[in-house]
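Input: a single structure, listed below in structure tokens.
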Amino acid sequence: GESVGLHLPTLSVQEGDNSIINCAYSNSASDYFIWYKQESGKGPQFIIDIRSNMDKRQGQRVTVLLNKTVKHLSLQIAATQPGDSAVYFCADFNQAGTALIFGKGTTLSVSS
Amino acid sequence: EAQVTQNPRYLITVTGKKLTVTCSQNMNHEYMSWYRQDPGLGLRQIYYSMNVEVTDKGDVPEGYKVSRKEKRNFPLILESPSPNQTSLYFCASSPQGVKNIQYFGAGTRLSVL
């Protein structure tokens with residue numbers, strides 16, 4: 001069925017390191033994926049998205065990679081900063097195309 | 001500033017006492033939706049609205065009502081709240097449909113005693 005999950009519930013890194021957050025999805029028909037960041041006490045905030053006709057998309061300090069063969073997404077954060085500490089969700093859509101389906105989230109902790 | 005505003009941010013109530021959580025967006029978005037977030041369950045959609053006067057059920061609609069009388073507002077109504085509705089609620093909007101970037105409110109933490 002539809003599900004979007006993350007491999008690790010927590011990830012701890014040092015300031016300045018590169019972070020990689022992984023996500024597996026099950027719906028092979030999914031054609032659009034979004035990464036959200038949720039800081040404590042706030043709503044999810046858009047980071048970056050990618051469509052299925054792309055393998056890679058870059059933003060400011062973030063890169064999303066999509067491997068459709070193994071149904072896997074990753075979010076790479078370069079030079080991780082303490083302000084990057086948050087819960088990160090990957091999301092795609094239900095088959096009806098009416099709702100975001102969120103993974104359970106990875107908590108990124110950045111120590112300085 | 002473009003934003004989605006929810007009120008109240010925190011609410012403690014008792015079983016059976018009707019309540020409304022308001023949501024307003026100032027971006028002229030057509031699509032709005034409500035999610036609840038529970039530990040271990042992620043975010044689950046309650047209701048959504050493709051446009052004014054058009055609403056439909058999400059994955060967990062039981063015990064909730066919504067209305068969309070005007071484009072900017074999408075209130076969530078709990079006619080008779082129960083303890084299992086204790087949760088963190090988020091309103092979201094997007095320009096057109098769900099396959100767009102969703103903009104989320106700051107959340108409403110509800111406790112039903």
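Read top to bottom, the protein sequences are chains A and B. So the first sequence is numbered by the numbering used here: it starts at 1 and just counts up by one. So the second sequence is numbered by the numbering used here: it starts at 1 and just counts up by one. Cβ atoms here follow ideal geometry from the backbone N, Cα and C, with glycine treated the same way. Quick caveat: nothing in here was measured; it's all calculated off a predicted structure.
Around the beta carbon of G43/A, 16 or more other beta carbons lie within 10 angstroms, which makes this residue buried.
Interface annotation for the stretch 55-68 of chain B against chain A: D56, G58 and D59, criterion Cβ-Cβ distance under 8 Å. Within the stretch 23-82 of chain B, the complete beta strand (DSSP E) runs of at least 3 residues fall at 31-38, 42-51, 54-57 and 76-78. DSSP, read as helix, strand or coil, puts N53/A in coil. With its beta carbon at least 9 Å from every one in chain A, F74/B lies outside the interface. Its chain contains L66 as the residues whose beta carbon lies nearer than 7 Å to that of M54/A, once the 5 sequence neighbours on both sides are disregarded; these appear in chain order.
Residue pairing by DSSP places Q38/A opposite V87/A in a beta bridge. For the C-beta of I34/A, the chain B residues within less than 8 Å are, from N- to C-terminus, I101 and Q102. Put simply, of R51/A, A96/A, S40/A and I20/A the residue whose alpha carbon is nearest the alpha carbon of K68/A is R51/A. Of all residues in the stretch 20-43 of chain B, the ones placed with a Cβ closer than 9 Å to any Cβ belonging to chain A are S33, Y35, Q37, G40, L41, G42 and L43, in chain order. If the five residues before and after P8/B are omitted, its C-beta is found closer than 8 Å to the C-beta atoms of V21 and T108, all from its own chain and listed in chain order.
Scanning its chain for C-beta atoms nearer than 7 Å, with the 5 sequence neighbours on each side dropped, one finds around L100/A the residues A91 and F93, in chain order. The three-state secondary structure of N27/A, taken from DSSP, is coil. Within 10 angstroms of the beta-carbon of D38/B lie fewer than 16 other beta-carbons, which makes it exposed.
Cβ atoms of A86/A and N18/A stay farther apart than 8 Å, at about 16 Å. The C-beta distance from Y103/B to W34/B rounds to 14 Å, too long to fall under 8 Å, and the pair is not in contact. Shown in chain order are the members of the stretch 77-103 of chain B whose Cβ falls below 7 Å from a Cβ of chain A: F90, V98, K99, I101 and Q102. For the 9 Å CB-CB criterion, S111/A and E15/A form a contact. Cβ neighbours of T10/A within its own chain (closer than 6 Å, five residues either side excluded): T107.
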